[in-house]
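Read in order, the letters of the sequence shown are residues 58 to 169 in our numbering.
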Amino acid sequence: MKAKGVVRIILRTEDNKKFFGKGPYMLLLKVKELGSLNKAAKEMGMSYSKAFNVIKSCEKALNKKFLYREIGGIKGGGSKLTEDGEKIIEQYEHIVSEMNEKMNSLLDELNF
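What follows is the structure in structure tokens.
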């Protein structure tokens with residue numbers, strides 16, 4: 058049997074506070090898919106306020122906006138990703154992919 062590694066990426070601020078990882082990544086993906094932070098939160102089993110705070114803390118850490126939010130009304134509200142929101146998803150996927158590739162290459166070299 059050949060060993061396979063999986064890397065878990067957690068981004069932290071200079072003062073070591075976690076601000077981005079698999080959870081916020083998945084939340085942004087769900088918002089993109091469903092067009093709503095509320096629906097994304099429900100599907101992930103978290104409250105809207107928790108989801109809102111997760112996104113806000115990511116935005117604050119990087120000084121960027123990840124979501125456009127539309128207040129409800131006749132058509133209801135919704136959320137969609139900003140360009141920076143799309144970009145952080147792409148960058149996170151790239152980092153995870155590269156790190157997994159590197160880890161598996163190292164495992165091959167070590168004959169695991």
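Glycine included, every Cβ here is placed at the ideal spot set by N, Cα and C.
With respect to the 9 Å criterion, SER162 and VAL88 are not classified as neighbours on the basis of their beta carbons. Counting other Cβ atoms within 10 Å of its Cβ, ALA60 stays below 16 and is therefore classed as exposed. Nearest in C-alpha terms to PHE109, of all of VAL64, LEU167, SER93, is SER93. In the structure shown, PHE109 falls within a helical segment according to DSSP collapsed to helix, strand and coil.
Residue environment for PHE169: exposed (fewer than 16 other C-beta atoms within 10 angstroms of its C-beta).
The segment 62-103 is shown to contain whole alpha helix (DSSP H) runs of 4 or more residues at 79-91, 94-100, in chain order. Judged by DSSP secondary structure, LYS144 falls within the alpha helix (DSSP H) whose first and last residues are 140-166. In this model, ILE112 and ILE67 are separated by some 15 Å (Cα to Cα). When DSSP states are grouped into helix, strand and coil, LYS117 belongs to the helix group.
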